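Colleague: Position 375 (the sequence shown) corresponds to 458 in the working numbering; numbering is contiguous. Note that the Cβ used here is the ideal one computed from N, Cα and C, for glycine as well. Remember, it's a predicted structure, so these values are computed and weren't measured experimentally. Dropping the structure in here first, questions after.
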Amino acid sequence: MLDAVVGSSDSVTLHRLTLRGKKWKYRGEGNANLVIALPSDRLIIRMRKREKGAPVTAEEELAELKKMWREVVFCCKMMIPLLGRAYIQPPVPAYMDKSEIKELEEALVSQRPASRHHKGIKFSHVTIYPDYAFLPIFLSERNQAVTYPKLISENLHDNMAKPRSEYSRSTSFHDPVFDENKEAVKTLLKISSLYTLHFDSPNCDNLDFVENTNDSSQISSRSISINSRGGGSNASSIIHNTMKQDYSSSLDYPSPLSTFVKQGSRRIYCSQFSSKRSMDFSTYCVEVKPKQGWIPMIDRRFTKCAFCLNQYLKVFNGSVKMHSNYCPLDLFSGNRSRMKSAVKALLITPQNNLKIFKDGQLIYGDETKTDIIEILKSWLDSPVDFIEQDVDSHRLKEKFSCLIIDALTRDLTMNENCPKVIEDEDPTESKENIPERIPPNLIAAVKELLPKEACDWSAKDLPSNCILKRILDVQKLEKYGADAIYDIYRRSYENESDDYAYVRSIPAPTESRSSSKSFSFNPVQRYLLATTAKDCSILISFQRLHEPSKERIPSCHLLRDLDNEPHVFNVGVSDLDPKPVSCIEKHKKRDCDVISACLKLLSVSANS
Numbered sequence: 084m085l086d087a088v089v090g091s092s093d094s095v096t097l098h099r100l101t102l103r104g105k106k107w108k109y110r111g112e113g114n115a116n117l118v119i120a121l122p123s124d125r126l127i128i129r130m131r132k133r134e135k136g137a138p139v140t141a142e143e144e145l146a147e148l149k150k151m152w153r154e155v156v157f158c159c160k161m162m163i164p165l166l167g168r169a170y171i172q173p174p175v176p177a178y179m180d181k182s183e184i185k186e187l188e189e190a191l192v193s194q195r196p197a198s199r200h201h202k203g204i205k206f207s208h209v210t211i212y213p214d215y216a217f218l219p220i221f222l223s224e225r226n227q228a229v230t231y232p233k234l235i236s237e238n239l240h241d242n243m244a245k246p247r248s249e250y251s252r253s254t255s256f257h258d259p260v261f262d263e264n265k266e267a268v269k270t271l272l273k274i275s276s277l278y279t280l281h282f283d284s285p286n287c288d289n290l291d292f293v294e295n296t297n298d299s300s301q302i303s304s305r306s307i308s309i310n311s312r313g314g315g316s317n318a319s320s321i322i323h324n325t326m327k328q329d330y331s332s333s334l335d336y337p338s339p340l341s342t343f344v345k346q347g348s349r350r351i352y353c354s355q356f357s358s359k360r361s362m363d364f365s366t367y368c369v370e371v372k373p374k375q376g377w378i379p380m381i382d383r384r385f386t387k388c389a390f391c392l393n394q395y396l397k398v399f400n401g402s403v404k405m406h407s408n409y410c411p412l413d414l415f416s417g418n419r420s421r422m423k424s425a426v427k428a429l430l431i432t433p434q435n436n437l438k439i440f441k442d443g444q445l446i447y448g449d450e451t452k453t454d455i456i457e458i459l460k461s462w463l464d465s466p467v468d469f470i471e472q473d474v475d476s477h478r479l480k481e482k483f484s485c486l487i488i489d490a491l492t493r494d495l496t497m498n499e500n501c502p503k504v505i506e507d508e509d510p511t512e513s514k515e516n517i518p519e520r521i522p523p524n525l526i527a528a529v530k531e532l533l534p535k536e537a538c539d540w541s542a543k544d545l546p547s548n549c550i551l552k553r554i555l556d557v558q559k560l561e562k563y564g565a566d567a568i569y570d571i572y573r574r575s576y577e578n579e580s581d582d583y584a585y586v587r588s589i590p591a592p593t594e595s596r597s598s599s600k601s602f603s604f605n606p607v608q609r610y611l612l613a614t615t616a617k618d619c620s621i622l623i624s625f626q627r628l629h630e631p632s633k634e635r636i637p638s639c640h641l642l643r644d645l646d647n648e649p650h651v652f653n654v655g656v657s658d659l660d661p662k663p664v665s666c667i668e669k670h671k672k673r674d675c676d677v678i679s680a681c682l683k684l685l686s687v688s689a690n691s
């Protein structure tokens, strides 16, 4: 399926991906990307969409390739240090033949919603991610030797990827983000090849690649060198040199095709997913888009939070039929009762904020018609079957919500330190009158009409290093208010030709002997990083167990439900792409639309 090809020192020849002969499933899509899953390999492929009709030009293909590199660098450089490597695996870039893209697009027509058909998959460049709907190998196998998914077609020589003339421009380019992280990207691609990497010491002095013997019959080429102008250079020295860079080490941030486990004092990078799985219990995955759990004090103009206000716009434009009872402030509150209520609200009105998968297959969400109680019975029902139906329903929801909250508040980082953020200069201190983005008369009118019942702004501290805490901390980088950020944008960024220039302008974290790593962000960088954290998805995979003492599973990955049944679980975070600077203008328009929709709907309600 995946042929690893390494380029010269001035370029990187991408992995060539082929799905011919592979079983794949349509997983879903958003406005910008379409996702398909490879169940046997526990991987997902994300493909960029664009409007149908116009052919893709060479310039557009090159721009797409540069954007893909930026996403990889942004993930390694920013999001993994801020959120924790325990929760994120960076993507692996790849490309597909255009003929296969066309075949795939035709095969997907019957599976995609009709409302999405105005866009297609036209770009050859794709990204490969771990499928967080499944458990990683070190949690899903009992003392199994490491095995690899079959990532290469059986006739490797016939399908071996070769650089082609149509890709000569896209595989050899000069881009500041790529150039600054060239060796890291090369190493990332090499690490994701079909090897197991063993090393005994953190400084990689004893580093070697160990061939996997389980699939040796399918692997015909074992080249492990990366070419340079000065001749061949073995992977050991390249990775050793790359380790000296603070944020760009692929060993610190392994690819989705590898994972990090411990065996005594020996550390091993191994294949992330196994071709074998325990068949005792199905794997369930709950995907939550928690949205905005923090709003700067200066932006708290209304009794409702941003998410709850946005419900008026969704109802007004018909994208949802009813308001959600979910409030992100409850989920991030640190108050267990409110957090459970938030999860139960998502069960009632999932919208696009909750999905449930069973063995990688979507079984519950806004567009499904399955009975949530039947799903919870299949997953969580206790052996006691004489409880009355209504009581059973209540207990199942309670059991589910407790399990989700326990997972979201568990520290999986093994005490990994989160970088500190250095305080920057407040842009509002030197300016008295910052222009308001939304007309004041519109704000005043909506304030008068909003229901008296307010969102609960109170909060307690979340457990240190849990995924909710890490996400909330990134959201809290935004602290100066949307009006101040928009004012800076209009004065300094509106005519910026590169929407993602800030990605390379963010400095690498500094480190001193007396303190941990620290970042320094300007106000716009803070806002854009916080926006990424507001739009991320958390995927929690669960599998019920027999007695865990027999499983040798790390204790931090074990939970017990209300009936004391053991579950192994894992947490992954996705949808962490960098936001374009131009989204600041888009957010201004959206916020105006939200307040206008509130006024129209509330006025009708007041007059009825």
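Compare the C-alpha of H650 against each of P661, I636 and K150 and name the closest.
Modeller: Ranking the options by Cα distance to H650, first place goes to I636.
Colleague: To the nearest angstrom, how far is the alpha carbon of Q558 from that of D489?
Modeller: If you take the alpha carbons of Q558 and D489, they lie about 21 Å apart.
Colleague: Skipping 5 residues on each side, what residues in its chain have a beta carbon closer than 8 Å to that of G167?
Modeller: Taken in chain order, the residues that qualify are L495, T496, E499, C501, N548, I550 and R553.
Colleague: Take A570 and list the residues in its own chain whose beta-carbon comes closer than 7 Å to its own, dropping the five residues that flank it on each side.
Modeller: A small fix is needed here, since residue 570 is Asp in this sequence, not Ala. So the list reads I517 and P518, once near-sequence residues are dropped.
Colleague: Around the C-beta of V677, are 16 or more other C-beta atoms found within 10 angstroms, so that it is buried, or is it exposed?
Modeller: Its Cβ being crowded by 16 or more others within 10 Å, V677 is buried.
Colleague: A141 lies in the alpha helix (DSSP H); which residues open and close that run?
Modeller: A141 -> alpha helix (DSSP H) spans A141 to F157.
Colleague: Under the three-state reduction of DSSP, which class applies to R383: helix, strand or coil?
Modeller: Looking at R383 - three-state DSSP - the assignment turns out to be coil, as it is neither helix nor strand.
Colleague: Tell me, to the nearest whole angstrom, how far the beta carbon of C158 is from that of L659; I am working on the premise that it is less than 8 Å.
Modeller: At roughly 6 Å, the Cβ-Cβ gap stays under 8 Å, so C158 and L659 are in contact.
Colleague: Quick one: what does DSSP say S601 is sitting in, helix, strand or coil?
Modeller: Looking at S601 - three-state DSSP - the assignment turns out to be strand.
Colleague: Just to confirm, is the Cβ distance from S624 to C368 under 8 Å?
Modeller: Contact flag set, yes.
Colleague: Can you give me the C-alpha to C-alpha distance between S193 and L187, rounded to a whole angstrom?
Modeller: If you take the alpha carbons of S193 and L187, they lie about 11 Å apart.
Colleague: Please list, in chain order, all residues of the same chain as I456 whose beta carbon is under 7 Å from its beta carbon, the five residues on each side excluded.
Modeller: Cβ neighbours of I456 beyond the five flanking positions: S476 and L479.
Colleague: Where L121 and Y212 are concerned, what is the direct C-alpha to C-alpha distance, given to the nearest angstrom?
Modeller: So the two alpha carbons sit approximately 10 Å from each other.
Colleague: Helix, strand or coil, according to DSSP, for M130 in the structure here?
Modeller: Strand.
Colleague: Is the beta carbon of D363 less than 8 Å from the beta carbon of I521?
Modeller: Not a contact, by the Cβ cut-off of 8 Å.
Colleague: Less than 8 Å separating the beta-carbons of G417 and A542?
Modeller: Yes, the pair counts as a contact, with Cβ atoms nearer than the cut-off.
Colleague: How many angstroms separate the CA atom of P661 from the CA atom of K150?
Modeller: About 10 Å.
Colleague: Just how far apart, CA to CA, sit A565 and E648?
Modeller: Whole-angstrom Cα-Cα distance: 46 Å.
Colleague: How about E621 and V371: do their beta carbons lie closer than 8 Å?
Modeller: Looking at the sequence provided, one finds Ile at residue 621 rather than Glu. Yes; because the gap between Cβ atoms is below 8 Å, this pair is in contact.
Colleague: State the beta-bridge partners of F625 as determined by DSSP.
Modeller: Its beta-bridge partners are Y367 and F652.
Colleague: May I have a chain-ordered list of the beta strand (DSSP E) segments no shorter than 3 residues that lie completely inside the stretch 168 to 206?
Modeller: Correct list: 175 to 178.
Colleague: Between the Cα of K683 and the Cα atoms of C619, L525 and K600, which residue gives the shortest distance?
Modeller: Per the Cα distances, L525.
Colleague: Suppose you measure from the CA of L222 to the CA of G443; what does that come to, to the nearest Å?
Modeller: Approximately 16 Å between the Cα atoms of the pair.
Colleague: I'd like to know whether the C-beta atoms of N436 and K374 end up nearer to each other than 8 Å.
Modeller: Yes; because the gap between Cβ atoms is below 8 Å, this pair is in contact.
Colleague: With a threshold of 8 Å on Cβ separation, who are the neighbours of K482 within its own chain once the five nearest residues in sequence on each side are excluded?
Modeller: Hits under 8 Å: L459, L463, D644, L645 and D646.
Colleague: How big is the Cα-Cα spacing for P339 and D214?
Modeller: Bear in mind that the predicted position of P339 carries a pLDDT of just 41, short of 50, making it unreliable; the figure below should be weighed with that in mind. Between P339 and D214, the C-alpha separation is close to 9 Å.
Colleague: Of all the options H208, K185 and R110, which has the alpha carbon lying nearest to the alpha carbon of M130?
Modeller: When only C-alpha atoms are compared, the closest one is H208.
Colleague: Where N393 and V654 are concerned, what is the direct C-alpha to C-alpha distance, given to the nearest angstrom?
Modeller: So the two alpha carbons sit approximately 28 Å from each other.
Colleague: What are the boundary residues of the beta strand (DSSP E) that A120 is part of?
Modeller: Element bounds for A120: N116 to L121.
Colleague: Look at P546 and T492 and say whether their C-beta atoms are less than 8 Å apart.
Modeller: Result yes, Cβ atoms of P546 and T492 sit closer than 8 Å.
Colleague: V664 lies in the alpha helix (DSSP H); which residues open and close that run?
Modeller: Element bounds for V664: n/a, residue is neither H nor E.
Colleague: Looking only at its own chain, which residues have a Cβ that is under 7 Å from the Cβ of I381, when we skip the five neighbours before and after it?
Modeller: These residues qualify, in order along the chain: G564.
Colleague: Please return the same chain residues whose Cβ sits closer than 6 Å to the Cβ of V680, not counting the five positions on each side in sequence.
Modeller: The displayed chain sequence assigns Ala, not Val, to residue 680. Excluding positions up to five away in sequence, the list reads Y395, L396 and F399.
Colleague: Taking all protein chains shown into account, decide if K135 is buried (16 or more other Cβ within 10 angstroms of its Cβ) or exposed.
Modeller: K135 is exposed by the Cβ-count criterion.
Colleague: May I have the straight-line CA-CA distance separating K441 from I128, to the nearest angstrom?
Modeller: Their Cα atoms are separated by approximately 19 Å.
Colleague: Please work out which residues of its chain come closer than 8 Å, Cβ to Cβ, to C666, disregarding the five sequence neighbours upstream and downstream, and give them in chain order.
Modeller: Taken in chain order, the residues that qualify are L611 and T614.
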